[in-house]
Each structure stands twice: as C-alpha cells, then as structure tokens.
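Chemist: For the record, the sequence lines run as chains A and B.
The first sequence: position 531 = 531 (my numbering), numbered continuously.
The second sequence: position 152 = 152 (my numbering), numbered continuously.
One structure is given below, represented as structure tokens, and several questions about it will come after.
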Amino acid sequence: MDINRRDFLQIAAALGLLGVTGGTNLFAGEAGKERIKKLSFNDIVDFEPKGKVTLLHICDMHAHIKPLYWREPSTLISAKNLVGTPGFICGDSFESYYGVESGTVDQYFDTHNNFPALAKKFGKMGGISHMKPIIDHIKKERGKENVLLLDSGDTWQGTAVALKTKGEAIVDAQNYLGVDVMVGHWEFTYGKERVFELIEKLNGEFISQNVIDNDPFSDEFEELIFPPYTIKEVAGAKIGIIGQSFPFTSTANPKKFTEGWSFALRHESLQEFVNELRNEKKVDAIVVLSHDGFSVDQELAKKVKGVDFILSGHTHDPSPKPIIVNDTVILIAGSHGKYIGRLDIDIKDKKVAGYNFKLMPVASNLIPADKTGDALIAKWYKPFDKELNEVLGTTKGLLYKRDTFYSTFDALIGEAIQDEMKSDIVFTPGYRWGTTLIPGDDILKDNVYEMTAITYPEVYTFELKGDLIAKLMEDIADNVFNENPLLQQGGDMSRLTGASYSIKVAAPSGKRISDFMIGGKPIDLKKTYLVSSWGGNLQNAGENLDEKKIRAVYEVVSDYIRKQKTIDISMKSNVQVLDFDCGCPIKGAKC
Amino acid sequence: MKRRNFMQGLLLSSAVAITTSPTLLSAEEKPKKAGPNDMDYKTAEAAITGGKEIKESDTLKLTVPEIAENGAVVPVKVEVDHPMEENNFVKAIHVLNTKNGNARSADIMLTPLNGKGYFATRIKLGGTQDVVALVELSDGTFLKAAKSVKVTIGGCG
Chain A
1 MDINRRDFLQ IAAALGLLGV TGGTNLFAGE AGKERIKKLS FNDIVDFEPK GKVTLLHICD
61 MHAHIKPLYW REPSTLISAK NLVGTPGFIC GDSFESYYGV ESGTVDQYFD THNNFPALAK
121 KFGKMGGISH MKPIIDHIKK ERGKENVLLL DSGDTWQGTA VALKTKGEAI VDAQNYLGVD
181 VMVGHWEFTY GKERVFELIE KLNGEFISQN VIDNDPFSDE FEELIFPPYT IKEVAGAKIG
241 IIGQSFPFTS TANPKKFTEG WSFALRHESL QEFVNELRNE KKVDAIVVLS HDGFSVDQEL
301 AKKVKGVDFI LSGHTHDPSP KPIIVNDTVI LIAGSHGKYI GRLDIDIKDK KVAGYNFKLM
361 PVASNLIPAD KTGDALIAKW YKPFDKELNE VLGTTKGLLY KRDTFYSTFD ALIGEAIQDE
421 MKSDIVFTPG YRWGTTLIPG DDILKDNVYE MTAITYPEVY TFELKGDLIA KLMEDIADNV
481 FNENPLLQQG GDMSRLTGAS YSIKVAAPSG KRISDFMIGG KPIDLKKTYL VSSWGGNLQN
541 AGENLDEKKI RAVYEVVSDY IRKQKTIDIS MKSNVQVLDF DCGCPIKGAK C
Chain B
1 MKRRNFMQGL LLSSAVAITT SPTLLSAEEK PKKAGPNDMD YKTAEAAITG GKEIKESDTL
61 KLTVPEIAEN GAVVPVKVEV DHPMEENNFV KAIHVLNTKN GNARSADIML TPLNGKGYFA
121 TRIKLGGTQD VVALVELSDG TFLKAAKSVK VTIGGCG
C-alpha cells in the first residue's frame with residue numbers, strides 16, 4: 001500500500017492518537033515530522049496510558065479469523081427519538097457526531113462513505129493474525145498480568161470454518177488471542193451440549209447473569225446456567241465482571257437450541273449482583289460484559305446503579321468515544337474483528353479515578369501478520385479449502401450486508417431463492433453480520449457462507465395468507481422501530497424479494513406499512529401466497545410446508561451464482577421510507 | 001407533534017393506503033367471534049372489586065418479562081409484602097390480562113396459613129398487552145400493579 005504524507009496526516013488524525021482524555025501532540029515540531037515519514041503499526045497502537053489496569057475489548061467477530069472487507073450501513077433508521085444518537089448514526093451523521101474526516105482510515109472503518117475507493121487504498125480489515133500483534137504489544141507495554149481480553153460474544157458463528165467445525169476453530173482462535181472472559185448469543189445456536197463442550201475447550205470463562213433454568217419440574221428451576229460473574233485481580237485491583245448474554249436469544253433464534261433456558265435482560269438481578277460485588281466482595285471496579293446491544297445498554301445504565309463500565313456488543317456499532325449515562329461509561333467495539341478497544345483504568349482508594357479509551361482499527365495492511373495466527377487459520381481451513389475457494393462467479397457492483405431495509409447481498413440471496421423455489425415472496429433475515437465484496441470481485445463459496453453460515457440453514461417454502469403477511473411485517477417493524485430500545489431486538493427489517501412497500505417509521509405499532517405490493521400488484525389480504533424464508537421462525541406461521549423443497553440456503557445461493565456467472569444487483573431499495581429523506585439522519589430526525 | 005396534526009397525518013397515510021393496499025389496521029378490525037367465557041378487562045375488574053377503590057402500592061411486586069419468550073407460557077410472579085396474620089393478611093391474588101378474550105387468568109384465595117402473599121404461574125397471552133395483578137387484603141383494600149408484555153413471533157439475529 002502506498003501511503004503518502006497527506007494520507008498519513010489524515011490517518012494520524014483519524015486514529016484519534018490523542019486519546020479521549022487528552023494527551024500530547026505527537027506530530028508537533030521536528031520530531032513529529034520524523035514520525036510522519038515512518039507511519040507504521042506504532043501509530044495504531046499509540047496510546048496515553050492511564051493507571052495500571054488495561055481491559056481489551058472485542059465484540060461480534062462472527063468467526064472472521066481471516067481479514068475481510070466490511071462496509072458500515074448507509075441506512076440506519078429507527079424511531080424519531082433515537083435516530084442521530086449513538087447506536088443509530090451512520091455515514092454523514094456518524095462523521096459529524098464523532099468528527100471523522102473524509103478520506104481517512106476512520107472514514108473507511110466507521111462509515112460507508114467512499115467505501116470501494118477506500119477499500120482499494122487501505123485493504124482488508126481484521127483477522128486474528130493482525131489482531132494478535134496489537135494485543136501482544138499492549139501486553140508487553142503494560143505487563144501481561146495487567147491486561148484482560150474481554151469478548152462480548154457473537155464470536156463462534158458466521159463463517160464456513162466455524163460452522164463446519166461446530167465452533168471449535170473459533171475457540172482455538174480465541175485461545176490464541178487470549179480471551180479471558182466472554183458472553184454469548186449466536187454461540188447458543190450450536191445447542192446446549194455443544195456450548196458446554198466448547199466452554200470446556202475455551203481457556204477463558206463464559207459468564208452470564210441473565211440465563212436461567214426455565215423448567216419448573218427441574219431441581220434447578222430458576223437457577224443460573226452459567227457463573228453470573230467473575231472477579232479478576234489485576235495490578236493489585238479487584239475487577240468484578242458481570243456477564244449479560246443476549247436477552248432475546250429465545251425469540252430471535254430457534255427455541256430448540258436453548259430448550260429449558262430462559263433469557264431476559266434481568267436488570268433487577270443485575271443490580272443485586274452489582275451490590276453483592278460492591279458490598280460483599282469489595283471489588284474496586286465493576287464491568288458489565290454485555291451482548292444487550294448498544295442502545296439497550298444505554299437504557300440499562302439508567303436502571304442499574306453502580307456499574308463503572310459496560311463493554312457492549314450485538315448491534316455492531318463502532319463508537320470511537322465512550323457514551324456516558326449517569327455514572328456509567330459505555331463502550332462498544334464495532335464488529336467482524338475490525339477493532340480492538342483499549343480501556344485503561346486508574347484505580348485509587350478502591351474506586352475508578354480515571355480512564356482512557358481508544359478504538360484501534362485492525363487495518364491489516366499496517367500490521368504485519370503474526371505467523372502463528374496464519375498457521376492456525378491454514379490448519380483449520382485446510383480440509384475445506386477446495387470447497388471454499390471455488391469461484392462461483394463475479395459481481396459487477398458492490399455486494400454488502402447491513403442497512404435497515406435493503407442490501408445488495410441480501411437481494412442476491414432472495415433472488416436465488418425465488419429463482420429456485422418459484423415463490424411469490426421471499427423473506428431473508430435482517431441479521432447484521434456477513435461480508436462485503438468490492439465491484440469486480442470474484443464471489444467465492446466462502447463468501448456465500450459468510451452471509452449464511454448458520455446451524456439452521458434450511459430454506460422453507462410454504463403458504464401464507466395475505467393478511468398474515470401484513471401482520472407479520474408490522475410485527476417485525478415494531479421490533480425494529482419501537483421507540484423503547486428495550487422492546488427492540490437490535491436487528492434490521494427482514495428483507496423481501498418479490499415485494500415492495502412504503503413505511504412510516506413513526507406511525508403507531510401495526511400501522512406503519514402501506515402500499516404493499518407483491519409481484520407488482522397490491523397485496524390481496526384474502527389471497528394465499530407461496531412464501532420462502534430462512535433463518536427465522538416464519539415457517540411456523542405458514543401452512544402446507546413443501547418438504548421436498550427444503551434445502552440449505554448456501555447451496556441454493558451458490559447454485560444460482562454458478563448459473564448466472566456475473567451478478568449485477570441494483571443498489572436501489574424496494575422499500576420507500578415516507579418519513580425520512582435520507583438513510584443517516586442526524587438528531588431530531590433531520591437530514 | 002400536536003394531536004391534530006398527528007390525526008391528519010394518520011388520515012393522509014390511510015388515504016394513500018386505500019388507493020393502493022390496505023394496512024394491517026383493516027386486517028385487525030375484523031370482528032372476532034365471542035367465546036362463552038369472554039369477559040373484557042373492565043368487567044372483570046369490576047366483578048372482583050365490586051367497584052371499590054384500587055390503590056397503587058409499593059408493597060405489591062409484579063414480575064413479567066418485557067418480551068415474552070413464548071406467548072403460550074408467559075411467567076408471572078406476584079409478591080405482596082404484607083403480614084399474614086389472623087386478622088391482617090393477603091386474602092386474594094388475581095392475575096388478569098387486558099386483551100385476551102377472557103381477561104381473567106387466575107384467581108387465588110389465600111389464608112394466613114399460606115404464610116406469604118406469593119403466587120407464580122404461567123399464562124397464555126394472545127398478543128402484546130398488559131398483565132395486571134389485583135390483590136385483595138383482608139380489610140377489603142385492593143392493590144393493583146400492571147406491566148406490559150410484548151408478544152412477538154421474533155425477528156433479528
């Protein structure tokens with residue numbers, strides 16, 4: 001990669017080298033000029049240390065042990081009281097909120113703006129071989145016993161190598177990175193038994209205070225499934241870490257994987273554990289390691305007193321600056337292994353006296369790969385290399401995931417399913433994980449898995465009455481656009497193929513969607529439609545399930561790309577938003 | 001937004017809807033067949049209290065999930081922080097819902113021998129609505145607590 005002086009200045013500024021609580025200007029004077037000539041890894045990890053304790057934070061890696069391209073959303077719409085606030089900002093509104101400059105590494109990592117051009121300039125993101133040198137560097141600087149690596153979950157699922165090894169390759173990667181504590185969400189989709197097997201293999205701890213036994217006939221009824229918290233002695237301080245797994249696992253994912261377990265936010269028991277850690281265990285700082293979602297954790301901080309830090313996850317937001325609610329500092333570190341968050345804590349008189357934070361972008365081209373990591377990746381991929389490296393076709397345009405209503409890779413998946421199943425309408429889930437392909441890229445089988453690698457990949461084709469389709473869409477819309485973050489579940493709208501609609505986000509629950517067209521005609525509420533769906537619970541609402549048509553989504557999509565050879569998906573959404581004029585509104589719902 | 005503007009907005013959007021496609025509103029407005037045990041919330045509450053005044057009280061704690069994991073078995077827990085003495089005790093705990101066909105989910109009669117004003121069960125909820133705990137004390141006082149439970153087919157990952 002060629003980086004000239006101007007790029008470097010931008011990168012330096014964008015990397016936030018001055019930290020949150022201030023610092024010295026590393027680029028002033030003659031010495032600064034010298035530094036500028038030698039842009040390197042050191043500028044990514046540069047940080048003004050604080051106190052003696054360091055917590056490193058990762059979240060939502062989705063099993064991406066190799067580097068990837070990952071474009072942030074160009075549409076992130078929510079209820080009007082929420083848009084423009086952290087968790088609901090993107091593109092230009094993100095840039096103005098956090099002060100991101102055009103053409104910088106930060107713009108590339110944090111927004112969709114200029115994505116294809118910046119992707120060529122800066123290369124791929126993340127990957128364990130590039131994360132490890134950052135972690136090693138910090139451990140060397142601070143002393144490895146003074147550093148903890150905390151993982152907010154959604155780590156074991158998301159790629160072919162994860163699916164085919166039932167998560168084992170990823171646990172190996174976590175052990176290599178040195179994960180000390182984690183919580184979960186998609187982890188649970190490997191099923192209860194496998195979760196326990198993988199926890200056995202993990203060198204770190206798996207904690208959660210909000211997963212309890214749900215079987216009234218069991219002796220463990222309402223007992224905790226996992227240890228609720230762990231206490232770590234770091235640099236002479238006692239750090240209490242409480243786990244929050246995803247509170248809505250049992251509604252967002254099939255219940256069969258967690259039969260007998262109950263998930264919820266459980267802020268009341270969280271408060272009890274905070275009190276227990278403070279009053280009985282006499283900890284010096286309390287950290288909640290969370291997969292609640294960024295906006296839910298901002299609400300949680302209003303309800304629960306005495307938490308120093310929440311290390312959040314689930315919603316995939318990068319937040320270069322901490323969000324402070326009451327006395328709680330909330331941090332989140334993006335997704336797909338793109339960032340490592342470094343939090344230094346100064347503990348004095350048994351409490352938090354100060355901190356410093358930085359989100360370090362894992363810009364793989366600026367960080368020489370660690371050989372052990374590369375060997376680990378090669379070892380786990382080897383049995384599957386032939387299958388996964390198959391070139392299925394090429395893409396003319398940008399293939400991406402994310403956005404509230406529509407994204408091109410989802411449109412491709414829907415198109416493939418509709419082509420094979422001959423259905424009137426296809427529902428594709430609004431997950432926030434996946435991959436991005438740059439115009440002109442080959443589409444590998446591995447890329448298709450990056451969008452679809454789940455333990456319940458079946459595409460179902462069944463019948464649904466028009467009125468039920470309308471009702472389901474309203475129900476999904478209420479989960480995404482509810483003005484109370486606690487009633488959202490942190491995802492995006494299900495994507496539709498074969499249909500289009502208009503939506504008024506601020507309309508009351510049940511009245512948001514209008515102008516609903518299926519196959520170019522207005523929806524007939526009395527008509528029965530042939531529907532295909534995957535990755536959700538929709539088939540349970542349908543009738544006359546066609547069992548002969550059931551097939552794994554990654555095979556359906558791969559076949560279609562092989563057949564088409566060149567993929568050309570329009571960037572134009574099939575959803576018209578009536579009450580917003582842009583995809584990334586600022587606070588006050590203005591564009 | 002003022003209420004009037006808001007209503008106009010609603011009219012406008014439904015006008016758009018009629019010319020092209022109906023919204024869920026029209027689907028929901030279809031009259032439901034009444035069951036033999038149907039009773040709406042107001043009637044049920046009046047039947048229990050006989051029209052007596054109902055107090056909100058800190059001593060009554062209702063625990064329900066914000067979002068039901070399964071609408072068919074929603075866990076409900078009612079705890080009353082009140083003595084259970086011979087002449088001063090929790091006499092009854094009623095669990096109600098506001099939108100099922102039958103608003104009465106459970107009626108539990110207690111005596112001081114129960115030792116505690118406590119009842120936990122699971123109820124079926126046909127859709128997003130409030131769950132209400134209505135408690136009668138031995139002196140004839142009624143206490144009430146209500147919380148909303150969202151029932152959804154589920155969505156994101």
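Ideal Cβ positions, reconstructed from N, Cα and C, are used throughout, including at glycine.
Treat the numbers as computed from the prediction; the structure is a model and nothing was measured.
For A/L464, which option in A/G542, A/I513, A/I413 has the closest C-alpha, if you only look at C-alpha atoms?
Modeler: As a working note, residue 464 of chain A is residue 464 in the first sequence. Measuring from the Cα of A/L464, the nearest candidate turns out to be A/G542.
Chemist: Hey, how far is the Cα of A/F221 from the Cα of A/G260?
Modeler: Taking the first residue of the first sequence as 1, we reach residue 221 of chain A at position 221. Taking the first residue of the first sequence as 1, we reach residue 260 of chain A at position 260. About 9 Å.
Chemist: Name the chain B residues that come within less than 7 Å of A/T404, Cβ to Cβ?
Modeler: Walking along the first sequence from the start, residue 404 of chain A turns up at place 404. By Cβ distance, chain B contributes nothing, its closest Cβ being about 11 Å from A/T404, past 7 Å.
Chemist: Is the stretch 477 to 493 of chain A touching the stretch 288 to 304 of chain A in the sense that three or more CB pairs, one from each, lie closer than 8 Å?
Modeler: When Cβ pairs closer than 8 Å are counted between the two stretches, the stretch 288 to 304 of chain A is seen to touch the stretch 477 to 493 of chain A, the count reaching three or more.
Chemist: Short of 8 Å Cβ to Cβ, which residues in the stretch 248 to 266 of chain A face chain B?
Modeler: Listed by position along the chain: F248, S250, T251, A252, N253, K255, S262, F263, A264, L265.
Chemist: Could you tell me which chain B residues have their CB closer than 9 Å to the CB of A/A589, listed as they occur along the chain?
Modeler: The sequence position of residue 589 of chain A within the first sequence is 589, counting from 1. Those within 9 Å of A/A589 in chain B number zero; the least Cβ separation is about 11 Å.
Chemist: Tell me whether A/D344 sits in a helix, a strand or coil according to DSSP, three-state version.
Modeler: Within the first sequence, numbered from 1, the residue matching residue 344 of chain A stands at position 344. Reduced to three states, the DSSP call for A/D344 is strand.
Chemist: So, is A/Q576 buried or exposed, given that buried needs 16 or more other C-beta atoms within 10 angstroms?
Modeler: The residue labelled residue 576 of chain A in the question sits at position 576 within the first sequence. Counting Cβ neighbours within 10 Å, A/Q576 comes out exposed, since fewer than 16 surround it.
Chemist: If I follow the unbroken alpha helix (DSSP H) through A/S658, where does it start and stop?
Modeler: The shown model of chain A, from 1 to 591, leaves out residue 658 of chain A, and the question about it has no answer.
Chemist: Cα separation between A/Q418 and A/Y406?
Modeler: Here residue 418 of chain A refers to the residue found at position 418 when the first sequence is read from its first residue. Here residue 406 of chain A refers to the residue found at position 406 when the first sequence is read from its first residue. Rounded to the nearest angstrom, the two C-alpha atoms are 16 Å apart.
Chemist: Take the Cβ of A/C584 as the centre, count every other Cβ of all protein chains shown within 10 Å, and call the residue buried at 16 or more, exposed below.
Modeler: As a first step, residue 584 of chain A is located in the first sequence; it is residue number 584 there, counting from the start. So A/C584 ends up on the buried side.
Chemist: Please name the residue, chosen from A/S335, A/D524, A/Y560, A/G373, that lies closest to A/D110 on a Cα-to-Cα basis.
Modeler: Counting from one through the first sequence, the residue named residue 110 of chain A turns up at place 110. With distances taken between Cα atoms, A/D110 lies closest to A/S335.
Chemist: Can the beta-carbon of A/G306 be found closer than 8 Å to that of A/D424?
Modeler: Stepping through the first sequence from its first residue, residue 306 of chain A is reached at position 306. Stepping through the first sequence from its first residue, residue 424 of chain A is reached at position 424. Going by C-beta atoms, A/G306 is not nearer than 8 Å to A/D424.
Chemist: What residues from chain B crowd round A/D475, counting only those whose CB sits closer than 7 Å?
Modeler: Residue mapping note: residue 475 of chain A aligns to position 475 of the first sequence, counting from 1. Result: T152, I153.
Chemist: I'd like to confirm the pairing. Which residues does DSSP put opposite A/P216 in its beta bridges?
Modeler: As a first step, residue 216 of chain A must be located in the first sequence, where it is residue number 216. Per DSSP, none; premise fails for A/P216.
Chemist: Would you give the residue range spanned by the beta strand (DSSP E) that B/R104 belongs to?
Modeler: Locating residue 104 of chain B in the second sequence gives position 104, where the first residue counts as 1. That run of the beta strand (DSSP E) goes 104 to 109.
Chemist: In three-state terms, what does DSSP make of A/Y98?
Modeler: Here residue 98 of chain A corresponds to residue number 98 of the first sequence, with the count starting at 1. Correct three-state label for A/Y98: helix.
Chemist: Measuring only between beta-carbons, confirm whether A/L611 sits less than 8 Å from chain B.
Modeler: This structure leaves residue 611 of chain A out entirely; chain A is present only between 1 and 591.
Chemist: Grouping DSSP H, G and I as helix and E and B as strand, with all else coil, what is A/W261?
Modeler: Reading the first sequence from its first residue, position 261 is the one you call residue 261 of chain A. Strand, per DSSP.
Chemist: With respect to the beta strand (DSSP E) encompassing A/Q419, which residues constitute its N-terminal and C-terminal limits?
Modeler: By one-based count along the first sequence, residue 419 of chain A stands at place 419. In the sequence as displayed, the identity of residue 419 of chain A is Asp instead of Gln. Not the beta strand (DSSP E): A/D419 falls in the alpha helix (DSSP H), residues 408 to 421.
Chemist: In chain order, what residues of the same chain lie with their CB nearer than 6 Å to the CB of A/E223, ignoring the 5 residues before and after it?
Modeler: Counting from one through the first sequence, the residue named residue 223 of chain A turns up at place 223. Scanning its chain for C-beta atoms nearer than 6 Å, with the 5 sequence neighbours on each side dropped, one finds around A/E223 the residues D213, in chain order.
Chemist: Give a yes or no on whether 8 Å exceeds the smallest Cβ distance from B/I108 to chain A.
Modeler: As a position in the second sequence, residue 108 of chain B is number 108, starting the count at 1. No, because no Cβ of chain A sits closer than 8 Å to the Cβ of B/I108.
Chemist: Give a yes or no on whether the C-beta atoms belonging to A/I330 and A/A353 are separated by under 8 Å.
Modeler: By 1-based counting over the first sequence, the position of residue 330 of chain A is 330. By 1-based counting over the first sequence, the position of residue 353 of chain A is 353. Contact: no.
Chemist: For B/E69, decide whether its Cβ has a neighbour in chain A, counting only Cβ atoms nearer than 8 Å.
Modeler: Taking the second sequence and counting its residues from 1, one reaches residue 69 of chain B at position 69. Yes, contact with chain A.
Chemist: Using a C-beta to C-beta distance shorter than 7 Å, which residues of chain A count as neighbours of B/P65?
Modeler: Start at 1 with the first residue of the second sequence, and residue 65 of chain B comes out as number 65. Going along chain A in sequence order, the residues near B/P65 (Cβ under 7 Å) are A264.
Chemist: Using a Cβ cut-off of 8 Å, pull out every chain B residue sitting near A/A162, in sequence order please.
Modeler: In the first sequence, counting from the first residue as 1, residue 162 of chain A sits at position 162. Chain B residues near A/A162: none, gap ~14 Å exceeds 8 Å.
Chemist: Looking at chain B, which residues of the stretch 540 to 565 of chain A have a Cβ within less than 9 Å of any of its Cβ atoms?
Modeler: N540, A541
Chemist: Work out the CA separation of B/K147 and B/T63 for me, nearest whole Å.
Modeler: What you label residue 63 of chain B is simply residue 63 of the second sequence in a count that begins at 1. What you label residue 147 of chain B is simply residue 147 of the second sequence in a count that begins at 1. Approximately 8 Å between the Cα atoms of the pair.
Chemist: Are three or more beta carbon pairs between the stretch 69 to 83 of chain A and the stretch 409 to 417 of chain A nearer than 8 Å?
Modeler: No, the stretch 69 to 83 of chain A does not touch the stretch 409 to 417 of chain A.
Chemist: Pick helix, strand or coil for A/K358, following the three-state DSSP scheme.
Modeler: Your numbering for residue 358 of chain A matches position 358 in the first sequence. Three-state result, A/K358: strand.
Chemist: Under 8 Å, do A/T404 and A/D441 count as touching if we go by C-beta distance?
Modeler: On the first sequence, position 404 is the one that residue 404 of chain A refers to. On the first sequence, position 441 is the one that residue 441 of chain A refers to. No, the Cβ-Cβ distance between A/T404 and A/D441 is not below 8 Å.
Chemist: Would you give the residue range spanned by the beta strand (DSSP E) that A/V325 belongs to?
Modeler: Residue 325 of chain A sits at position 325 when you count from the first residue of the first sequence. Counting along the chain, the beta strand (DSSP E) containing A/V325 begins and ends at 323 to 325.
Chemist: Under a three-way DSSP split, which group does A/T104 fall into?
Modeler: Taking the first sequence and counting its residues from 1, one reaches residue 104 of chain A at position 104. The answer is coil: DSSP assigns A/T104 none of H, G, I, E or B.
Chemist: Report, in whole angstroms, the separation of the C-beta atoms of A/Y339 and A/R71, which I expect to be a contact under 8 Å.
Modeler: Numbered from 1 along the first sequence, position 339 holds the residue referred to as residue 339 of chain A. Numbered from 1 along the first sequence, position 71 holds the residue referred to as residue 71 of chain A. Wrong, their Cβ atoms sit about 15 Å apart, outside the cutoff.
Chemist: Which of the three DSSP states, helix, strand or coil, is assigned to B/P65?
Modeler: For this step, residue 65 of chain B is matched to residue 65 along the second sequence. Note: B/P65 maps to coil in three-state DSSP.
Chemist: CB A/I65 to CB A/G127, shorter than 8 Å?
Modeler: What you label residue 65 of chain A is simply residue 65 of the first sequence in a count that begins at 1. What you label residue 127 of chain A is simply residue 127 of the first sequence in a count that begins at 1. Against a cut-off of 8 Å, the Cβ pair of A/G127 and A/I65 comes out as a contact.
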